[in-house]
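Chains as they are written, first to last, in our numbering: chain A, 831 to 1225; chain B, 831 to 1225; chain C, 831 to 1225.
Glycine is no exception: its CB is placed at the ideal position from the N, C-alpha and C atoms.
Just so it is clear, the structure is predicted and the values come from calculations on it, not from any experiment.
Notes follow once the structure below has been shown.
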């Protein structure tokens, strides 16, 4: 697992010291990223918008972590990491139960929503308890040249919403048929991270093979209600990283009784050719279906996302590019596609300025937009533009 | 900064008990505990439940503290300590006014709910201003072999709820006659800690005698309402610790105009016999009463808790055991009793794995349960089981 | 800008290492202030009140900041600073959109409300992105001998409320005609700080001249609503500091479509005469007006504040004194005036005990009070007293 996680961590939080299995170096460290972004968005037939937003290149955060050598090859580690919005000083709420009604802290409160775990580590791997990324997400984010930050974020991650035309149980009908970020009734809490998780990650001695399996609990009261297991699920990723190649696949499933279980599988990889790296990934999402809810659930709905792209190191600069799309298997099959190109100039290992430009096309009724631009009333947007300029500093 | 943090390593907060003046070492330190617990609970005639919870051995936290030598034997200190839930990254709200409607921060927000004070210290003792433990609580927690963490927590602490059969003022009638954690209308905000407090702790030069007196303010607007002094109160503890013996007694009272003032006194001690330590404590709670509310209050209600137990150090291991109970002086006199045994294995001074098993009996209509298990509808639970497995790491 | 900002930072957070442009020293630092205040207030014809409050001398906080030398005279910095209430361990919500309905985090949640920015710095000055003080506020606070903390706070800052007799748009009519801290519909979010800001500060090479210009965004959806630009504005300060003299002026304007834009200008200075320093400032506030809202807005309302005062260093002691007032241009012209005197005794550079006494007079129907005292029902208060005792410790 070492190489992949190092690659992910190094891209997402350059300057942070990591070792195998994501175990922090022995000691006690404070770390973080502040990334402020001037973001412009426009939609054809709609409005444009300018904002000072965050994290166009790296996710802004403040964290505390440490590790202790226990002898005999064993170590213990902890990791506490809060999301921070530098533009206004607020934080990000967490999900206490992996469910749509998240519970726990109002929006904007500081919480350790990004990571909160304690682990035991050895040659045999690592056992983690707490709140952590899901394996399926680390694949999506790790193979995206834009690491799911800013205007260039792969649609394979953000387009996972699966819409329904009618209300089901407590979940309202979707008002849009566009690929987007919202799941009916709210976001899927375990898209990126899971609370109450128990995870096992393999060690570094498998000849390039790596694996990560995770089980998590929704922790509703066991009162006999149909939803008593909502928010529970599992997620796993397996791969191979050696020399210039890193490939992997992942699968996860979370229980939601009334809406239908949410399942995702994804596969992808990177290939290094000197200063050039090529990236590709494919994501399949499915919500619900009668076979999963005892014959009483809604019909299943599927969505598919894909991305091809890469990056090129040119001295202190990094060029990033990608083409991605997401299609929902509903009605006319709304689909959005995005092309993105960006340039990062490193002022130092820790500090960079960057710009990203993305253009998005909608087809078959899709109405996705970029950087907060709005579609005009009664109009379908055929296209949207996003432009980011930013300053990233990590510590 | 990192050097300072690294320099601080092993002094971490172990347990909930306070010793001496609690004055941190000179310098500026970050410290904390992450304790993740796999907790199983079952109730006879009801459901079982499995959760990844927190703090089965030590209370999870992140804190910042420091001290400054002012010369002439005087020093100044501060302490900021937030509760952290490692299982989901959320925090714990505080109480701004020591009252049932707590005010301040939604549930799950990070706050410095565990401690937030500044102090002046000398040979004469210590003057603390801010949010702090109550003296009565430090006795209950300090003499419990399980330090009020996890399935083994003494009922003398958790059983303090005093129930009423009819609504009084803004406080609803209790729906249960069982000892439990809820006070009518919500928890007593000053059971464990008090905000807006002014405290004095004696120094170390009293030949083994020690004392702590605390006054705290509810800070309602002085508008002439009957409740204008709600949440104000005082609390004190006095004791003697020398050689193998530590004994003490404490008393506290908090004003609540409509429900009646809440008063607690407790007494207990520990006795060391080589590797064995014996512990015992007794707690008396009283809510309301006409003599306290000017002749218009409800009749007083009492509850009594007790605990006998101890611990044994066996190499890197620690065996803990206790038997505790709580009885409410209401109707048929519902009573719960609990027997608990646990084992802690220290992987290092800072890191431990542990397990605790507890069995609880209910009598006279009590319906207490352990680890979130539920009593079946229409049933009284005669017994409940709790089992914890966990990993604790402090820094 | 250097001297003024250093002076402000040093008063507000003594013990913190600062350099020109508020750029922290190279490295990574944790810093903070805990200031607990026993505050007494009384109002003639009304009630008195005693509270353990906070920040009677310095604003309590916990922060993290750092800077990186990028070579060639360039550096990058970040600053994250949360307000902390030591009396109860809670924090302070931020404003995500610079508007009355603040958005983001419930009251009492910890957020980095005090500062949250990343910057690039060079000889040419400093470019800051994020949440920061407004220039108009740094003038008000920096020239107040009491740095807008505690009972002595200049009325030029707190008296900025401008009242209206009738409701306008979503803003209710004011129920009081007194100078106070509330703007109709709630506080003006950008009185002290602005989110989503882009600021430029001059360097140290202008022969004593300094400047700071800031633009900030409300970031409402661009949906064509009249309020779509609410919370956006600009703010700037220019001055000269050399030898014993520091003088400056500032102006800021924030858009609010229905209430009318809020504009403030202020001017002031300090003059050092050995151990004595004299301070003076004048503040002009204006809310709304038809010329600003396309002919449909309310009539403009003005308010004016002023302060004269100073401080004297006597060994380890500091005497502070001021006389300030605020008048609202409405009806009979309610006006409040305050005289304040205080003494700070430094136990060390980082730790101090202090006391402040203030007396406030109301005229023409004004009903301001100090330290939470209340005016009796149906009475106008002609006077109010405030008395603070406190302990401040910074790290």
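Can you name the residues that DSSP bridges to residue i?
| i | result |
| --- | --- |
| residue 867 of chain B | B/883, B/1220 |
| residue 1052 of chain C | Paired residue(s): none; residue 1052 of chain C is not in a bridge. |
| residue 915 of chain C | C/920 |
| residue 811 of chain C | The question about residue 811 of chain C has no answer, for chain C in this structure spans 831 to 1225. |
| residue 1170 of chain B | B/1152, B/1188 |
| residue 961 of chain B | B/946 |
| residue 1157 of chain C | C/1134, C/1165 |
| residue 1109 of chain A | A/1100, A/1139 |
Taking residue i as part of the alpha helix (DSSP H), name the residues at either end of that continuous run.
| i | result |
| --- | --- |
| residue 968 of chain B | 965-972 |
| residue 985 of chain C | 985-988 |
How many Å lie between residue i and residue j at the Cα?
| i | j | result |
| --- | --- | --- |
| residue 1222 of chain B | residue 1146 of chain C | 47 Å |
| residue 989 of chain B | residue 1224 of chain C | 40 Å |
| residue 786 of chain B | residue 985 of chain C | Nothing can be reported for residue 786 of chain B, as the shown portion of chain B is limited to 831 through 1225. |
| residue 938 of chain B | residue 943 of chain A | 11 Å |
| residue 1215 of chain C | residue 1041 of chain B | 36 Å |
| residue 1156 of chain B | residue 1097 of chain B | 15 Å |
| residue 971 of chain A | residue 870 of chain B | 35 Å |
| residue 890 of chain C | residue 1025 of chain A | 33 Å |
| residue 1027 of chain C | residue 960 of chain C | 5 Å |
| residue 949 of chain C | residue 956 of chain C | 7 Å |
| residue 1043 of chain A | residue 1029 of chain A | 6 Å |
| residue 1074 of chain C | residue 909 of chain C | 30 Å |
| residue 1169 of chain B | residue 864 of chain B | 26 Å |
| residue 895 of chain C | residue 953 of chain C | 21 Å |
| residue 854 of chain C | residue 1184 of chain A | A caution first: residue 854 of chain C carries a pLDDT of 49, below 50, which makes its placement in the model too unreliable to give a value. |
| residue 1070 of chain C | residue 1080 of chain C | 12 Å |
| residue 925 of chain A | residue 1019 of chain A | 7 Å |
Buried or exposed for residue i, going by 16 or more other Cβ atoms inside 10 Å?
| i | result |
| --- | --- |
| residue 906 of chain C | buried |
| residue 1076 of chain A | buried |
| residue 1103 of chain A | exposed |
| residue 1039 of chain B | exposed |
| residue 1106 of chain A | exposed |
| residue 886 of chain B | buried |
| residue 1179 of chain B | exposed |
| residue 1065 of chain A | buried |
| residue 1162 of chain A | exposed |
| residue 1144 of chain C | exposed |
| residue 1036 of chain C | exposed |
If the cut is a Cβ gap below 9 Å, which residues of chain C does residue i touch?
| i | result |
| --- | --- |
| residue 1036 of chain B | Ordered by position in chain C, no residue passes the 9 Å Cβ test against residue 1036 of chain B, which lies about 24 Å from the chain. |
Just to make sure I have the definition right: I need the residues of chain A whose C-beta is within less than 7 Å of the C-beta of residue i. Which are they?
| i | result |
| --- | --- |
| residue 824 of chain C | Missing from the structure shown is residue 824 of chain C; chain C here goes from 831 to 1225 and no further. |
| residue 1032 of chain C | The premise fails here: residue 1032 of chain C is roughly 19 Å from chain A at the closest Cβ pair, so nothing lies under 7 Å. |
Can you name the residues of chain B whose CB is closer than 7 Å to the CB of residue i?
| i | result |
| --- | --- |
| residue 879 of chain C | 1052 |
| residue 961 of chain A | 917, 918, 919 |
Could you list which residues in chain A have their beta carbon closer than 9 Å to that of residue i, in chain order?
| i | result |
| --- | --- |
| residue 1042 of chain C | Within chain A, no residue comes near residue 1042 of chain C; the closest Cβ sits about 17 Å away, beyond 9 Å. |
Note the first and the last residue of the continuous beta strand (DSSP E) segment covering residue i.
| i | result |
| --- | --- |
| residue 1092 of chain C | 1092-1103 |
| residue 1020 of chain C | No beta strand (DSSP E) contains residue 1020 of chain C, which DSSP labels as neither H nor E. |
| residue 1076 of chain C | 1075-1084 |
| residue 900 of chain C | 891-901 |
| residue 952 of chain A | 945-952 |
Less than 8 Å between the CB of residue i and some heavy atom of the ligand FMN, yes or no?
| i | result |
| --- | --- |
| residue 1051 of chain A | Looking for the ligand FMN in the displayed structure turns up nothing, as the structure carries no ligands at all. |
By the criterion of Cβ-Cβ separation under 8 Å, what are the contact partners of residue i in chain B?
| i | result |
| --- | --- |
| residue 904 of chain A | 1177 |
Output, in chain order, the set of chain C residues within a Cβ distance shorter than 7 Å of residue i.
| i | result |
| --- | --- |
| residue 1181 of chain A | 898, 900, 906 |
| residue 948 of chain B | 864, 866, 916, 1221, 1223 |
| residue 892 of chain A | 894, 910 |
Which chain C residues are close to residue i, counting only those with a beta carbon under 8 Å from its beta carbon?
| i | result |
| --- | --- |
| residue 1204 of chain A | 1051, 1052, 1053 |
Could you work out which residues of chain B lie near residue i, taking near to mean beta carbons separated by less than 9 Å?
| i | result |
| --- | --- |
| residue 882 of chain C | 959, 960, 1025, 1026, 1027, 1028, 1046, 1047, 1049 |
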